[in-house]
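**Q** This is the structure I have questions about; it appears just below.
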Amino acid sequence: AQSVSQHNHHVILSEAASLELGCNYSYGGTVNLFWYVQYPGQHLQLLLKYFSGDPLVKGIKGFEAEFIKSKFSFNLRKPSVQWSDTAEYFCAVNDGSDYKLSFGAGTTVTVRA
Amino acid sequence: DAGITQSPRHKVTETGTPVTLRCHQTENHRYMYWYRQDPGHGLRLIHYSYGVKDTDKGEVSDGYSVSRSKTEDFLLTLESATSSQTSVYFCAISATGMNTEAFFGQGTRLTVV
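Next up, the structure:
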């Protein structure tokens, strides 16, 4: 079964600081990679996705992520966060063996004004 | 937003009673998933479906059953609710299971007393 690890449980930042959230997965074959965001009291929304091609993917709201196959990693970055980026962020992986979409435990990001 | 409706949105039930949650989609997507979200655990897959009458277990399937008699509906049943099943339940849909994103419903908050 796929295992997804998010290294940070809670990150606290000031506005304009840079953000990087780590994500590692265990499956070595073909994978789809995702970052989802959940704002307080809301459902999950897609930030960005990687299926194939350029390993640097850009998503909504200025977020980007880099897929490093050799490290089984898909880290999320944003150069300058805003207060409105306060949310919980989930890394998710879908592999070609059984189409199960597996999630990491999530990282809570708090941005202080 | 994708056409996903979860019902009920909130429910309080007593220990030992059966409970059924419904996920209804209007997108004609093949794959449907049930997750539970708990603090510190992220989203954990309960069951998923890859077509009408085709279902499989996820990582936390004990105490849960599912049915999918129509493309648009995926039912999750707690056979005999326990306090450990107090959680927020999310339904998700995906067109093909691979190389496509999953869309999430608004969630059902279930409390077992």
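Residue numbers (the working numbering), protein chains in the order written: chain V, 1 to 113; chain Z, 1001 to 1113. Heads up, the beta-carbon is just placed ideally off N, CA and C, and yes, glycines get one too. Predicted, not measured: the structure shown is a model, and the values here were computed from it.
(1) Is it the case that the Cβ atoms of Q1037 of chain Z and G1003 of chain Z are separated by a distance below 8 Å?
(2) For the pair the stretch 1011-1020 of chain Z and the stretch 1063-1083 of chain Z, tell me if three or more CB-CB distances fall below 8 Å.
(3) Taking just the CA atoms, how far does T1086 of chain Z sit from V1112 of chain Z?
(4) Within 8 Å of any Cβ in chain V, is that where the Cβ of Y1050 of chain Z sits?
(5) Would you say F34 of chain V reaches chain Z, if we count a Cβ-Cβ gap shorter than 8 Å as a contact?
(6) If the cut is a Cβ gap below 7 Å, which residues of chain V does A1102 of chain Z touch?
(7) Taking R1044 of chain Z and Y1031 of chain Z to be in contact with their CB atoms under 8 Å, please state how far apart those CB atoms are, rounded to whole angstroms.
(8) What does the alpha-carbon distance come out to for the pair A1095 of chain Z and A92 of chain V?
(9) Suppose the cutoff is 8 Å on Cβ atoms and the five residues either side in sequence are ignored; what does the same chain contact list for D85 of chain V look like?
(10) Excluding the 5 residues flanking Y1050 of chain Z on each side, which residues of the same chain have their C-beta closer than 8 Å to its C-beta?
(11) Less than 8 Å between the C-beta atoms of T1020 of chain Z and L1076 of chain Z, yes or no?
(12) Mind listing, in chain order, the continuous beta strand (DSSP E) runs of no fewer than 3 residues lying wholly within the stretch 1022-1050 of chain Z?
(13) For V962 of chain Z, is the classification buried or exposed, using 16 other Cβ atoms within 10 angstroms of its Cβ as the cut-off for buried?
(14) Given a threshold of 16 other Cβ atoms within 10 Å of its Cβ, counted over all protein chains shown, does S102 of chain V qualify as buried or as exposed?
(15) Between Q42 of chain V and Y36 of chain V, is the Cβ-Cβ spacing less than 8 Å?
(16) Please work out which residues of its chain come closer than 6 Å, Cβ to Cβ, to T1100 of chain Z, disregarding the five sequence neighbours upstream and downstream, and give them in chain order.
(17) Measure the Cβ-Cβ separation of Q38 of chain V and E88 of chain V and say whether it is below 8 Å.
(18) Using a Cβ-Cβ cut-off of less than 7 Å, give me the residues of the stretch 1035-1049 of chain Z that come near chain V, in sequence order.
(19) In whole angstroms, give me the CA-to-CA distance for Y1048 of chain Z and V1060 of chain Z.
(20) Mapping the DSSP letters down to three states, classify Q42 of chain V as helix, strand or coil.
**A** Per the coordinate set shown:
(1) Walking along the second sequence from the start, residue 1037 of chain Z turns up at place 37. Walking along the second sequence from the start, residue 1003 of chain Z turns up at place 3. 8 Å or more divides the Cβ of Q1037 of chain Z from the Cβ of G1003 of chain Z.
(2) The stretch 1011-1020 of chain Z, when compared against the stretch 1063-1083 of chain Z, does touch it at the 8 Å Cβ threshold.
(3) Taking the second sequence and counting its residues from 1, the one referred to as residue 1112 of chain Z is at position 112. Taking the second sequence and counting its residues from 1, the one referred to as residue 1086 of chain Z is at position 86. Going by the C-alpha atoms only, they are around 5 Å apart.
(4) The residue given as residue 1050 of chain Z occupies position 50 in the second sequence. The beta carbon of Y1050 of chain Z sits closer than 8 Å to some beta carbon of chain V.
(5) Along the first sequence, read from residue 1 onward, the residue named residue 34 of chain V stands at position 34. Between F34 of chain V and chain Z, the shortest Cβ-Cβ separation is below 8 Å.
(6) The residue given as residue 1102 of chain Z occupies position 102 in the second sequence. Per Cβ cutoff of 7 Å: L101.
(7) By 1-based counting over the second sequence, the position of residue 1044 of chain Z is 44. By 1-based counting over the second sequence, the position of residue 1031 of chain Z is 31. Actually they do not touch by this definition, with Cβ atoms about 17 Å apart.
(8) Numbered from its first residue, the second sequence carries residue 1095 of chain Z at position 95. Numbered from its first residue, the first sequence carries residue 92 of chain V at position 92. When rounded, the distance between both Cα atoms is 17 Å.
(9) For the purposes of this step, residue 85 of chain V is taken as residue 85 along the first sequence, with counting starting at 1. Excluding positions up to five away in sequence, the list reads L19, K61, K78, V109 and V111.
(10) Looking up residue 1050 of chain Z in the second sequence gives position 50. The residues are R1030, Y1031, D1056 and G1097.
(11) The residue labelled residue 1020 of chain Z in the question sits at position 20 within the second sequence. The residue labelled residue 1076 of chain Z in the question sits at position 76 within the second sequence. Yes. Within cutoff.
(12) 1031-1038, all fully within the stretch 1022-1050 of chain Z.
(13) Residue 962 of chain Z cannot be examined here, being either before or after the span of chain Z that is shown, 1001 to 1113.
(14) Along the first sequence, one-based indexing puts residue 102 of chain V at 102. Only buried fits S102 of chain V, as 16 or more other CB atoms lie within 10 angstroms of its CB.
(15) Counted from its first residue, the first sequence places residue 42 of chain V at position 42. Counted from its first residue, the first sequence places residue 36 of chain V at position 36. Going by C-beta atoms, Q42 of chain V is not nearer than 8 Å to Y36 of chain V.
(16) Here the question's residue 1100 of chain Z lines up with position 100 in the second sequence. These residues qualify, in order along the chain: S1094.
(17) Position 38 of the first sequence holds residue 38 of chain V. Position 88 of the first sequence holds residue 88 of chain V. With respect to the 8 Å criterion, Q38 of chain V and E88 of chain V are classified as neighbours on the basis of their beta carbons.
(18) For the stretch 1035-1049 of chain Z, residues whose beta-carbon sits nearer than 7 Å to a beta-carbon of chain V comprise G1040, H1041, G1042, L1043, L1045 and Y1048.
(19) For this step, residue 1048 of chain Z is matched to residue 48 along the second sequence. For this step, residue 1060 of chain Z is matched to residue 60 along the second sequence. Put simply, the backbone Cα of Y1048 of chain Z is about 11 Å away from that of V1060 of chain Z.
(20) Residue numbering aside, residue 42 of chain V sits at position 42 when the first sequence is read from its first letter. In the three-state reduction of the DSSP assignment, Q42 of chain V falls in the coil class, being assigned neither a helical nor a strand state.
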